[in-house]
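Undergrad:
Number of protein chains: 2
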Amino acid sequence: MQPVIQRDRPRWLAQHLKQDVLAGIIVGLLVIPQSLGYAVLAGLPPIYGVYASILPAIAYALIGASRSQAVGPVAITSLMTAQALAIAGAGQSIATMTALAAVLAVMTGGILLAAGVLRLGWLTQWMSRGVIAGFITASAVLIILGQLRYVLGLSGPKQSLAHLAHAVFNPSHWLHPETALLGLGTVGILGMARWRLAEGLQWHSLTPTQSAWLVRVFPLAVVIIMTAASHFGNWAQYGIAVVGKLEHGGLAFVFPPVPDLGQVMHLLPSAGLIALIGFISSAAVAQEYALRRKESFDPNRELIGLGLANLTAGISRGFPVTGGFSRTAIAVEAGAQTPLAGAFSALVMATILLFFTDFLKDLPYAVLGAGVIVAVSGLIDVRTLVQAWKSDRKDAWAYLVTLIGVVLFGLQAGLLAGVLLSFALILQRSSQPHCAVIGLYDQHGHFRNVLRYAVKTWPGVLILRIDERLFFGNTVAVRRFVEAQLQAYPDTRELIVSLSGVNDIDLSAQHMLQQLREDLQQRHIGMSLTEIRATVSDALRKSPIWSLFEGRIFLSTLDAVIAMTTVPSQEPEYHL
Amino acid sequence: MQPVIQRDRPRWLAQHLKQDVLAGIIVGLLVIPQSLGYAVLAGLPPIYGVYASILPAIAYALIGASRSQAVGPVAITSLMTAQALAIAGAGQSIATMTALAAVLAVMTGGILLAAGVLRLGWLTQWMSRGVIAGFITASAVLIILGQLRYVLGLSGPKQSLAHLAHAVFNPSHWLHPETALLGLGTVGILGMARWRLAEGLQWHSLTPTQSAWLVRVFPLAVVIIMTAASHFGNWAQYGIAVVGKLEHGGLAFVFPPVPDLGQVMHLLPSAGLIALIGFISSAAVAQEYALRRKESFDPNRELIGLGLANLTAGISRGFPVTGGFSRTAIAVEAGAQTPLAGAFSALVMATILLFFTDFLKDLPYAVLGAGVIVAVSGLIDVRTLVQAWKSDRKDAWAYLVTLIGVVLFGLQAGLLAGVLLSFALILQRSSQPHCAVIGLYDQHGHFRNVLRYAVKTWPGVLILRIDERLFFGNTVAVRRFVEAQLQAYPDTRELIVSLSGVNDIDLSAQHMLQQLREDLQQRHIGMSLTEIRATVSDALRKSPIWSLFEGRIFLSTLDAVIAMTTVPSQEPEYHL
Numbered sequence: 007m008q009p010v011i012q013r014d015r016p017r018w019l020a021q022h023l024k025q026d027v028l029a030g031i032i033v034g035l036l037v038i039p040q041s042l043g044y045a046v047l048a049g050l051p052p053i054y055g056v057y058a059s060i061l062p063a064i065a066y067a068l069i070g071a072s073r074s075q076a077v078g079p080v081a082i083t084s085l086m087t088a089q090a091l092a093i094a095g096a097g098q099s100i101a102t103m104t105a106l107a108a109v110l111a112v113m114t115g116g117i118l119l120a121a122g123v124l125r126l127g128w129l130t131q132w133m134s135r136g137v138i139a140g141f142i143t144a145s146a147v148l149i150i151l152g153q154l155r156y157v158l159g160l161s162g163p164k165q166s167l168a169h170l171a172h173a174v175f176n177p178s179h180w181l182h183p184e185t186a187l188l189g190l191g192t193v194g195i196l197g198m199a200r201w202r203l204a205e206g207l208q209w210h211s212l213t214p215t216q217s218a219w220l221v222r223v224f225p226l227a228v229v230i231i232m233t234a235a236s237h238f239g240n241w242a243q244y245g246i247a248v249v250g251k252l253e254h255g256g257l258a259f260v261f262p263p264v265p266d267l268g269q270v271m272h273l274l275p276s277a278g279l280i281a282l283i284g285f286i287s288s289a290a291v292a293q294e295y296a297l298r299r300k301e302s303f304d305p306n307r308e309l310i311g312l313g314l315a316n317l318t319a320g321i322s323r324g325f326p327v328t329g330g331f332s333r334t335a336i337a338v339e340a341g342a343q344t345p346l347a348g349a350f351s352a353l354v355m356a357t358i359l360l361f362f363t364d365f366l367k368d369l370p371y372a373v374l375g376a377g378v379i380v381a382v383s384g385l386i387d388v389r390t391l392v393q394a395w396k397s398d399r400k401d402a403w404a405y406l407v408t409l410i411g412v413v414l415f416g417l418q419a420g421l422l423a424g425v426l427l428s429f430a431l432i433l434q435r436s437s438q439p440h441c442a443v444i445g446l447y448d449q450h451g452h453f454r455n456v457l458r459y460a461v462k463t464w465p466g467v468l469i470l471r472i473d474e475r476l477f478f479g480n481t482v483a484v485r486r487f488v489e490a491q492l493q494a495y496p497d498t499r500e501l502i503v504s505l506s507g508v509n510d511i512d513l514s515a516q517h518m519l520q521q522l523r524e525d526l527q528q529r530h531i532g533m534s535l536t537e538i539r540a541t542v543s544d545a546l547r548k549s550p551i552w553s554l555f556e557g558r559i560f561l562s563t564l565d566a567v568i569a570m571t572t573v574p575s576q577e578p579e580y581h582l
Numbered sequence: 007m008q009p010v011i012q013r014d015r016p017r018w019l020a021q022h023l024k025q026d027v028l029a030g031i032i033v034g035l036l037v038i039p040q041s042l043g044y045a046v047l048a049g050l051p052p053i054y055g056v057y058a059s060i061l062p063a064i065a066y067a068l069i070g071a072s073r074s075q076a077v078g079p080v081a082i083t084s085l086m087t088a089q090a091l092a093i094a095g096a097g098q099s100i101a102t103m104t105a106l107a108a109v110l111a112v113m114t115g116g117i118l119l120a121a122g123v124l125r126l127g128w129l130t131q132w133m134s135r136g137v138i139a140g141f142i143t144a145s146a147v148l149i150i151l152g153q154l155r156y157v158l159g160l161s162g163p164k165q166s167l168a169h170l171a172h173a174v175f176n177p178s179h180w181l182h183p184e185t186a187l188l189g190l191g192t193v194g195i196l197g198m199a200r201w202r203l204a205e206g207l208q209w210h211s212l213t214p215t216q217s218a219w220l221v222r223v224f225p226l227a228v229v230i231i232m233t234a235a236s237h238f239g240n241w242a243q244y245g246i247a248v249v250g251k252l253e254h255g256g257l258a259f260v261f262p263p264v265p266d267l268g269q270v271m272h273l274l275p276s277a278g279l280i281a282l283i284g285f286i287s288s289a290a291v292a293q294e295y296a297l298r299r300k301e302s303f304d305p306n307r308e309l310i311g312l313g314l315a316n317l318t319a320g321i322s323r324g325f326p327v328t329g330g331f332s333r334t335a336i337a338v339e340a341g342a343q344t345p346l347a348g349a350f351s352a353l354v355m356a357t358i359l360l361f362f363t364d365f366l367k368d369l370p371y372a373v374l375g376a377g378v379i380v381a382v383s384g385l386i387d388v389r390t391l392v393q394a395w396k397s398d399r400k401d402a403w404a405y406l407v408t409l410i411g412v413v414l415f416g417l418q419a420g421l422l423a424g425v426l427l428s429f430a431l432i433l434q435r436s437s438q439p440h441c442a443v444i445g446l447y448d449q450h451g452h453f454r455n456v457l458r459y460a461v462k463t464w465p466g467v468l469i470l471r472i473d474e475r476l477f478f479g480n481t482v483a484v485r486r487f488v489e490a491q492l493q494a495y496p497d498t499r500e501l502i503v504s505l506s507g508v509n510d511i512d513l514s515a516q517h518m519l520q521q522l523r524e525d526l527q528q529r530h531i532g533m534s535l536t537e538i539r540a541t542v543s544d545a546l547r548k549s550p551i552w553s554l555f556e557g558r559i560f561l562s563t564l565d566a567v568i569a570m571t572t573v574p575s576q577e578p579e580y581h582l
């Protein structure tokens, strides 16, 4: 595998120039419908999707870790932007919302950049596959439900399930029939094209590559045809909502207003989440293509590239962006070889922004919404759930909890619940540590499990061994084990605990040992610790435990037994 | 240790009747100031603190797990109630807020009851000491900041730090001088009493027990004196806010209105958190006293008792309640022997509610706030942080992240961040699994680490062993180890991975193996798996991996080596 930065970078770029120009033009044209649609999904005017696709893509091309990644607004980060803006700027003007979106992009970029500089790329390994698949599926469901508003022409409050149900049962009150006809029709056409067209075309003697291309071009063709039909048929007169004149300020750096501390605090969790999810999905795509092309992939460089792209989005009237699977797939299949392809596609979009926006003014929102619905329906991932249910039930639960949590309580709560559950299920395995009652096995002072070996024990002396790190997750189980053994050996006057298998002991476990010692003192049972490892004894020396066990900490279990079984007034004998 | 329910329960109750009546009267009188103060802290009229202390205490006495626990409103759950109501009912009328508080109590009770029936008491073991101490400390800080409003007589927006800073720098604009004088004076008096009085009294030849009692009675005395002074001096005329006539509807069951689904969804996370934190703090207190009294403690029964108490609070104009440390300490020191003591203290409070509320109408809010500040200042726990920093740095980080998270982002976000961090820090240990390159050690087919033993290896065949469960947290590390070894042995044509130390394999790890296999196929390197344990092979059989590795899964590592080193057309020899 070769690093992406090569000494002869200019030559390498020049070699692939022709391919990259072509791929750039194709991508620039094909991603326009989704860019407009994702801006609407984010709660912004459609033109902002174009802004977010131009300068950020160029910024990523300069530094990003992937040769082929295409950066711009994608479905899930747009949904997260919408939720963040709904919290921070509910009911405010478009100008406030776009300013907040820019602030959000700057904050997302700052977080990504900081994570890249601090080399925190490894953090994403803490999301299990089940959690990620559940999160993406739930996001797709939320996006589809939200877009139904545009596709059905619903009136009334935004994105409420109750309202949606109402519309279904009383369609005449809520639906706009012409819009619904157009929207559902477009969903049908695009869906058919996506899921059936490729097959159908193959019968008509096209190669799979050709038919795949037709499928990709199809949404753009639909947008063009529908816009033209809307223009000449004046669909707006039937009450079908159209995009309208796209007011734009050209291509420019526009710094967002400096937010107050309250707004920053409100947006910070959302920005953190967008950074995390944006990075995970972008890295997944980039990593897959890097593997296919046998290129190396540096997650920390990807963080920095995405950070710069988002900072650029924030100062060029954009909103949070990341690497998108469908964008990148189009770019790769169009033959993009170097990051220059991304720059060229940005140029194409800039041209459209500057000269062709008038054409888009008759584009119906229902068509944009239909495009988004069909695009994200591919994100619904039931296969991973089925696979997990069969081969790793824990991951299936994490998937389901994330999915249900996101749909019921929102993106952040659902994701947190899923991550917490996946952590807890893994930790649960350590929460039942192996513990044993042991006795003296040979004259060398080796102690063994009384259940497995014929060993020597002493009346009134109970010797236990703990074979796992002690932490908050298993203190209860250890305490319970000790109580059970004290009941099994009711004549115990001295308890000796061997920590030979304990590598680490946290504050909760220290507290448990302390409570156990104090409790046993009240019950007139002595307690000693033996075979403490160096790392553990370092910790215990600095805790109140050390003085509580003074004179009762022994290097070897045999020493402890000798000290406890000899009469205290006598000099302890150190040989049995 | 004896179970709490005894066959001769009536006799047992009768034996202790006299002690319980006395203790009940003392507790009933002493907890009145804090009950009123915590209601104000929860954002409700003071009288609701009395409601919440009567019937819920009786309900807990009937079933709760602890003999000595005193149940009622406590500082932290009151703060959580305030935050929940601020989100769900911002700017609404008192009637709406009290109804929401009752709904919240019912939901909290339902969650606790369900957790008790499902025997989920063990769930609380997942909170490390650092997280709990950080959470309690941060809550105390928030409570004190919030009460400054009453103690200083601040005007303006509620509980904003900026506003507080403003008041400090421009005291004449914001402070109410007479209120501040009264409030800070009361804080000083109560603080002195709490921290110094006991010492001072001992010089005056009182026993420690007597002086401790004086310290406990002191807040009540201050409340009575201040109220009397306020009444006769007509302090309200100076602009000092007083509680006012406590309108109450007597002692009655009042069912809260049935909330709509949106409200339930808004309140559910708060109710869950109140249930969790309420249970943890209550169980900690009850467990400590159970240990001291050598009684057993059943966490699931405690859940059910607290659940019933909260349900009762919800239908008797209360708000969420739990077992409180200071309440319980007073009860125990007053000599409470059975749950009847709690019932008697409820009777005392009911008497006060019915006949003496007129007396309280001149009680200044500043005095109540001062009482709350002094009470919760004892919850600030820096010692645990110092202890953790010395003996378990992980717990110290969890403490700090929880503390800062709660103060900056609120109770739920901070607690979640702390729990997540404590999980992640524990899991991080498993994220660098032990892996080794192995070779044949003896003719019995035992393989050992090449770094430690003189073993036989085969050119072009790399044999690795993984010694840890494979899960999302260590797939990256394992993959990196494999790549590093492939670079160290660049002539490798066959990779054999022994899973003898892998007890469990999750979906992320399965995906990693699949990607590794596919990637190696592209690089013309074969890959085999050997010594798969039964649990792991059960999982793999149901995943796409099984077919991907078809013919490349072996029972023993030696079988794999033989198969890979013999010419494929020949029959593999099964003996070296």
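Protein sequence lines correspond, in order, to chains P and C. According to the numbering used here, the residues represented by the first sequence are 7 to 582, in order. According to the numbering used here, the residues represented by the second sequence are 7 to 582, in order. Think of the CB as a built atom: it goes at the ideal place given N, C-alpha and C, for glycine as much as any other residue.
(1) Suppose you measure from the CA of Gly330/C to the CA of Ala490/P; what does that come to, to the nearest Å?
(2) Identify each residue in the stretch 542-557 of chain P for which the Cβ-Cβ distance to at least one residue of chain C is less than 9 Å, and report them in chain order.
(3) Would a check of beta-carbon distances place Val482/C closer than 7 Å to chain P?
(4) Between Leu470/C and Cys441/C, how many whole angstroms is the CB-CB distance? I'm expecting something under 8 Å.
(5) List the residues of chain C whose Cβ lies closer than 9 Å to the Cβ of Phe415/P, in chain order.
(6) When burial is assigned at 16 or more other CB atoms within 10 Å of the CB, is Val229/P buried or exposed?
(7) Determine the direct distance from the alpha carbon of Val123/P to that of Leu426/C, and round the result to whole angstroms.
(8) Counting only the same chain and skipping the five closest in sequence on each side, list residues whose C-beta sits under 6 Å from that of Gly377/C.
(9) Would DSSP call Leu457/C helix, strand or coil?
(10) Give a yes or no on whether the C-beta atoms belonging to Met533/P and Val467/P are separated by under 7 Å.
(11) What is the DSSP secondary structure of Lys548/P, counted as helix, strand or coil?
(12) Quick check on Leu583/C: does DSSP put it in helix, strand or coil?
(13) Measuring CA to CA, which of Phe365/P, Asn480/P, Ala20/P and Asp401/P is closest to Met232/P?
(14) May I ask you to list, following chain order, the residues of the stretch 207-233 of chain P that have a beta carbon less than 9 Å from some beta carbon of chain D?
(15) Count the other CB atoms within 10 Å of the CB of Trp201/C; is the residue buried (16 or more) or exposed (fewer)?
(16) Residue range of the alpha helix (DSSP H) that Thr143/C falls in?
(17) How many Å lie between Gly70/C and Met86/C at the Cα?
(18) Please decide whether Ile150/P counts as near chain C, where near means a Cβ-Cβ distance under 7 Å.
(19) Along the stretch 383-396 of chain C, what residues have a CB closer than 8 Å to any CB found in chain P?
(20) Within the 7 Å Cβ cut-off, does Arg1/P reach chain C?
(21) Could you check the C-alpha separation between Gly479/P and Thr541/C for me, to the nearest Å?
(22) Between Gly420/C and chain P, is the shortest Cβ-Cβ distance under 7 Å, so that the two count as touching?
(23) Which term fits Gly245/P, buried or exposed, when burial requires 16 or more other beta carbons within 10 angstroms of its beta carbon?
(24) In its own chain, which residues sit with a C-beta less than 7 Å from the C-beta of Ala105/C, not counting the 5 before and 5 after it?
(25) When Cβ atoms are compared, which residues of the stretch 502-527 of chain P fall closer than 9 Å to chain C?
(26) For the stretch 137-154 of chain C against the stretch 346-363 of chain C, do three or more pairs of beta-carbon atoms, one drawn from each stretch, fall closer than 8 Å, so that the two count as touching?
(27) Please state the DSSP three-state secondary structure of Lys251/P.
TA: For this structure:
(1) 30 Å
(2) Asp544, Ala545, Leu546, Arg547, Lys548, Ser549, Pro550 and Ile551
(3) At a cut-off of 7 Å between beta carbons, Val482/C contacts chain P.
(4) 6 Å
(5) Met271, Leu274 and Pro275
(6) buried
(7) 23 Å
(8) Excluding positions up to five away in sequence, the list reads Pro39, Gly43 and Pro225.
(9) coil
(10) no
(11) coil
(12) The shown model of chain C, from 7 to 582, leaves out residue 583/C, and the question about it has no answer.
(13) Phe365/P
(14) No chain D appears in the structure shown, which is made up of the protein chains P and C.
(15) exposed
(16) Arg135 to Leu158
(17) 23 Å
(18) no
(19) Within the stretch 383-396 of chain C, the residues whose Cβ lies closer than 8 Å to some Cβ of chain P are Thr390, Gln393, Ala394 and Lys396, listed in chain order.
(20) The structure shown does not extend to residue 1/P, since chain P spans only 7 to 582, so no value can be given for it.
(21) 24 Å
(22) no
(23) exposed
(24) Answer for Ala105/C: Pro262 and Pro263, listed in chain order.
(25) Asn509, Asp510, Ile511, Asp512, Leu513, Ser514, Ala515, Gln516, His517, Gln521, Glu524 and Asp525
(26) Contact check between the stretch 137-154 of chain C and the stretch 346-363 of chain C: fewer than three CB pairs, one atom from each, fall below 8 Å, which does not count as touching.
(27) Three-state DSSP puts Lys251/P in coil, outside helix and strand.
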